[in-house]
Amino acid sequence: TARVTVNRFWQSYFGKGLVATSEDFGNQGQLPSHPELLDWLAVEFQDLGWDVKAMQRLIVTSSTYRQASKKRPDLEEKDPENILLARGPSVRLPAELIRDQALAASGLLNREVGGKSVFPYQPEGLWKVNGAHYPQDTGKNLYRRSLYTVWKRSVHHPTMAIFDAPDHSVSVSKRQETNTPLQALALLNDPTFVEASKVLGEQMSRSSDPRLGVVTAFRKLTGRKPLEKELQLLLDLREKEHQKFKTDPTKLKGWLNTGEYRISSTLDPSLVAANAVTASAILNSDAFLTKR
17 TARVTVNRFW QSYFGKGLVA TSEDFGNQGQ LPSHPELLDW LAVEFQDLGW DVKAMQRLIV
77 TSSTYRQASK KRPDLEEKDP ENILLARGPS VRLPAELIRD QALAASGLLN REVGGKSVFP
137 YQPEGLWKVN GAHYPQDTGK NLYRRSLYTV WKRSVHHPTM AIFDAPDHSV SVSKRQETNT
197 PLQALALLND PTFVEASKVL GEQMSRSSDP RLGVVTAFRK LTGRKPLEKE LQLLLDLREK
257 EHQKFKTDPT KLKGWLNTGE YRISSTLDPS LVAANAVTAS AILNSDAFLT KR
């Protein structure tokens with residue numbers, strides 16, 4: 017039990033377990049790439065009293081995990097899949113964390129722990145396919161962590177499904193990882209992400225220095241500062257969108273009216289909308305979606 021469990025912990029951080037076939041530890045599965053490490057982690061887990069939090073801390077504070085994840089020319093042929101663990105992991109965030117990270121970066125995330133399932137935004141009428149009603153929540157319940165999103169086995173939450181979250185009809189030990197245009201459409205149109213972009217846009221608009229506003233939003237969403245080339249592209253986008261919204265204010269309604277949150281009336285709506293578009297562009301980037 018300990019070996020299977022710590023292997024799945026390792027898989028959640030590195031994208032692949034020490035035993036690649038995390039669903040099969042039998043004769044049909046693959047042998048561990050680092051058998052002594054797997055055994056040590058399993059014994060450590062037991063010695064720690066099966067303390068899950070302590071095991072997470074042990075893995076993320078290890079020198080192995082804290083390595084840079086940049087590809088190294090000397091490993092391209094020798095170890096393209098990082099089986100030797102000579103560099104840090106580079107994996108896309110799970111579906112739930114993509115949503116939670118957007119909410120956390122914007123400051124909307126409700127950090128309350130425990131309680132009933134909640135009903136965040138989803139397309140209207142989706143549950144009518146089997147005669148049910150979806151009672152969408154309001155207020156702070158809209159921003160609870162994805163862990164608390166209600167499960168309906170026959171109708172999976174669409175955005176979670178698009179980012180490969182399983183539909184709960186069967187138990188899975190490893191999720192598939194796809195890269196499709198639908199994911200970009202979800203990030204651009206799901207009210208949760210549009211609303212998060214709007215809130216970030218409002219925060220950016222309060223900064224007297226446009227560069228500082230963009231850099232701050234980028235750091236909140238990605239955990240790093242933008243490269244100069246990235247920053248210039250975002251500033252150009254912001255200026256272009258600002259001019260468009262000033263010329264045709266009707267175009268900003270979708271950005272400012274989506275979701276329950278309402279921006280301050282003291283701010284320039286066209287500037288907030290332009291900043292929201294800029295934040296959305298960051299949110300749709302690989303830097304936001306991929307943990308490095």
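Once you know that position 82 of the sequence shown is 98 in the working numbering, the rest is easy, because the numbers rise by one and skip nothing. Glycine included, C-beta positions come from ideal geometry on N, C-alpha and C.
Got a sec? Which residues, its chain only, sit under 7 Å from residue i by beta carbon, not counting five neighbours each side?
i      : result
VAL20  : PHE41
GLY31  : PRO105, VAL107
ILE114 : PHE179, LEU305
Would you tell me roughly how many angstroms separate the C-alpha atoms of residue i and residue j, rounded to the nearest one?
i      : j      : result
GLY217 : GLN46  : 48 Å
LEU163 : ASN273 : 27 Å
ASP183 : LEU201 : 20 Å
LYS256 : ASP302 : 22 Å
GLU246 : VAL166 : 37 Å
SER85  : ARG103 : 5 Å
LEU101 : ASN300 : 29 Å
Helix, strand or coil: how does DSSP classify residue i here?
i      : result
LYS144 : helix
ASN98  : coil
LYS32  : coil
ARG240 : coil
VAL188 : coil
THR165 : strand
LYS307 : strand
ASN291 : helix
ARG227 : helix
ASN23  : helix
ASN43  : coil
Please identify the residue among the options whose C-alpha is closest to the C-alpha of residue i.
i      : options                       : result
VAL293 : ARG254, LYS86, ALA120         : ARG254
ARG169 : ALA148, GLU140, THR80         : ALA148
SER78  : TYR29, PRO151, LEU237, LYS190 : TYR29
ASN126 : PRO136, ASN157, MET176        : ASN157
Considering only residues of the same chain and omitting the five flanking positions on each side of residue i, which have a CB-CB separation below 6 Å?
i      : result
HIS50  : LEU34
SER221 : LEU283, LEU287, VAL288, ASN291
Discussion item. Assess contact between the region 56-75 and the region 22-30, defined as three or more Cβ pairs (one per stretch) separated by less than 8 Å. Is contact present?
Written reply: yes
Item to complete: Pair every Cβ in the region 201-215 with every Cβ in the region 262-281, then say whether three or more of these pairs are closer than 8 Å.
Response: yes
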